[in-house]
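In mature numbering (1 follows the signal peptide of the UniProt record, and there is no 0), the protein residues as written are -29 to -1, 1 to 457. Each residue gets a CB set at the ideal place from its N, CA and C atoms; glycine is no exception. Quantities reported herein were computed from a predicted structural model and do not represent experimental measurements.
Written out as structure tokens, the structure reads:
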């Protein structure tokens, strides 16, 4: 019987029985027939066996760009847990903003605790986080399930988690309220700082960056009640920011790194429709990706899931979130609220352009990455490695297709003209999938129904909600060649 590393599961037969309950009242025998099913029907939602490959029979295919002399060799790992609190939903506020159940498959979340279809910059900042260092960024990917076709047996040992519908609905209502209010929109500071800040100046810079964030958050709190937002909120905020930015400039000048940051003091008030803010693509995060069906999908169960994704969810035994550098030079800080997509959840519709090879096994990470589900050697764990794009256009936090503003470097690690290297997020997910389950092809990734659990549709999403000082630490750690863990 399949083991369960998580606690959230859905029974296919339970779904069918629930949908048929009205008819069953008239024809009692139908419930027995439907819930009992037959062996062929029980595996109707399983992944195709052709999607599974013995990794030992795959030739090495991992090629890494060679590091140049000025490469940024450090790493920064943030500890955000493994979703022990059970934050799941079928939403995607980046690709399908405002569309409830828009993803049509469950996402596993770590980091920001509020993430749902209606998340926005203001609601994300207000939320809590699972990250040990206070990083409020949203990290999320589709869940993996074990599907043996005998879910009623699994249910005995793994009862469904209590639905959190009330909590989800309350969060969604609060997020919609935040989205309907104006927000202060300020120039990013961390991305305008030198690539390396001397160690003896770092604390002073961090202290001022913290105060910049605190002043901005306080201004957003005051904004809804302000009679004259520009005069009552934006102007005092600019004064507070300028005071701290001047301190940073003085600190950097004393360290031999003169920088005039005064132009970053002025903030604008952005209306709920996205107008009036900084010219940084902020309104693009309200735009669903092309081809999105924006009609909300009705939930199939109390757990807010839709047909086709069932089985026992496997929580990763390890979820490692590491930011790495550039092979050819220093990195620049990501701007706050930057959105990034990895892979393509709709690979069968959109083609292979944005799909990525994500699957491997423990011990094969530096040799083989596949677009198939791996069958690993006995005792070795299944892994997913998601290496995000890291060449930013230097201006926008988002774009209409959620991709053009941040792209991948070329094969040599270089960013194209007009783009600059930012810390590269690498999400490594490790799963303890029993070997017999691998051999039988009984594990799968959640997906849109038309993808039929194709491993090529694996994907990942990230929204940067780090404070200015955390992001500054990320950049300095990477550019100074250190290995940092928070």
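(message) For residue 380, tell me which candidate among 354, 335, 296 has the shortest Cα-Cα distance.
(response) By one-based count along the chain shown, residue 380 stands at place 409. Looking at the Cα atoms, 296 is the closest of the given residues.
(message) Please classify residue 187 as buried or exposed, where buried requires at least 16 neighbouring CB atoms within 10 angstroms.
(response) By one-based count along the chain shown, residue 187 stands at place 216. Under this definition residue 187 is a buried residue.
(message) Using C-beta distances below 6 Å, list every residue in its chain close to residue 304, excluding the 5 sequence neighbours before and after it, in chain order.
(response) Locating residue 304 in the chain shown gives position 333, where the first residue counts as 1. Answer for residue 304: 161, 162, 442, 446, listed in chain order.
(message) Quick test of the definition: if touching needs 3 or more C-beta pairs under 8 Å, does the region 74 to 82 touch the region 95 to 104?
(response) yes
(message) Determine whether the beta carbon atoms of residue 23 and residue 343 lie at a separation below 9 Å.
(response) Start at 1 with the first residue of the chain shown, and residue 23 comes out as number 52. Start at 1 with the first residue of the chain shown, and residue 343 comes out as number 372. Yes, the pair counts as a contact, with Cβ atoms nearer than the cut-off.
(request) For the region 344 to 376, list the beta strand (DSSP E) runs that are entirely contained and at least 3 residues long, ordered along the chain. (result) 344 to 346, 353 to 358
(message) Mapping the DSSP letters down to three states, classify residue 39 as helix, strand or coil.
(response) Taking the first residue of the chain shown as position 1, residue 39 is located at position 68. Looking at residue 39 - three-state DSSP - the assignment turns out to be coil, as it is neither helix nor strand.
(request) Determine the contact status of residue 316 and residue 418, defining contact as a CB-CB distance below 9 Å. (result) In the chain shown, residue 316 corresponds to position 345, counting from 1. In the chain shown, residue 418 corresponds to position 447, counting from 1. Yes, they are a contact pair.
(request) Take residue 364 as the anchor and find which of 377, 171, 431 has the nearest alpha-carbon. (result) Against the chain shown, residue 364 aligns to sequence position 393. Selected option, being the one with the closest Cα: 377.
(request) Find out if the Cβ-Cβ distance for the pair residue 426, residue 27 is shorter than 9 Å. (result) Residue numbering aside, residue 426 sits at position 455 when the chain shown is read from its first letter. Residue numbering aside, residue 27 sits at position 56 when the chain shown is read from its first letter. Against a cut-off of 9 Å, the Cβ pair of residue 27 and residue 426 comes out as no contact.
(request) Determine the contact status of residue 110 and residue 308, defining contact as a CB-CB distance below 9 Å. (result) Position 139 of the chain shown holds residue 110. Position 337 of the chain shown holds residue 308. Not a contact, by the Cβ cut-off of 9 Å.
(message) Quick check: the Cα distance between residue 183 and residue 411, rounded to an integer number of angstroms?
(response) Within the chain shown, numbered from 1, the residue matching residue 183 stands at position 212. Within the chain shown, numbered from 1, the residue matching residue 411 stands at position 440. So the two alpha carbons sit approximately 55 Å from each other.
(request) For residue 452, count neighbouring C-beta atoms within 10 Å of its own C-beta (all shown protein chains included) and say buried if the count is 16 or more, exposed if not. (result) One-based indexing of the chain shown puts residue 452 at position 481. The residue in question, residue 452, is exposed, as its Cβ has fewer than 16 Cβ neighbours within 10 Å.
(request) Could you check how far apart the C-beta atoms of residue 154 and residue 199 are, in whole angstroms? I think they sit under 8 Å. (result) Numbered from its first residue, the chain shown carries residue 154 at position 183. Numbered from its first residue, the chain shown carries residue 199 at position 228. Between residue 199 and residue 154 the Cβ distance is about 16 Å, and since that is not below 8 Å, they are no contact.
(message) To the nearest angstrom, how far is the alpha carbon of residue 336 from that of residue 33?
(response) Walking along the chain shown from the start, residue 336 turns up at place 365. Walking along the chain shown from the start, residue 33 turns up at place 62. Each residue's alpha carbon lies about 8 Å from the other.
(request) Report buried or exposed for residue 456, applying the criterion of at least 16 other Cβ atoms within 10 angstroms of its Cβ. (result) Start at 1 with the first residue of the chain shown, and residue 456 comes out as number 485. Burial call: exposed.
(request) Specify whether the region 204 to 220 and the region 173 to 183 touch according to this definition: at least 3 beta carbon pairs, one from each stretch, less than 8 Å apart. (result) yes
(request) Express the C-alpha separation of residue 405 and residue 302 in angstroms, rounding to a whole number. (result) The sequence position of residue 302 within the chain shown is 331, counting from 1. The sequence position of residue 405 within the chain shown is 434, counting from 1. Rounded to whole angstroms, residue 302 to residue 405 spans 40 Å at the Cα level.
(request) Assign residue 48 to one of three DSSP states: helix, strand, or coil. (result) Stepping through the chain shown from its first residue, residue 48 is reached at position 77. In the structure shown, residue 48 sits in a strand (DSSP, three-state: E or B).
(request) Ignore the nearest five residues each way along the sequence and tell me which others in residue 38's own chain have a CB closer than 6 Å to its CB. (result) By 1-based counting over the chain shown, the position of residue 38 is 67. The residues are 298.
(message) If you follow the beta strand (DSSP E) that residue 290 is in, where does it begin and where does it stop?
(response) Here residue 290 refers to the residue found at position 319 of the chain shown. 289 to 295 is the extent of the beta strand (DSSP E) around residue 290.
(message) Going by beta-carbon coordinates alone, are residue 87 and residue 62 separated by less than 9 Å?
(response) In the chain shown, counting from the first residue as 1, residue 87 sits at position 116. In the chain shown, counting from the first residue as 1, residue 62 sits at position 91. In this structure, residue 62 lies closer than 9 Å to residue 87 by Cβ.
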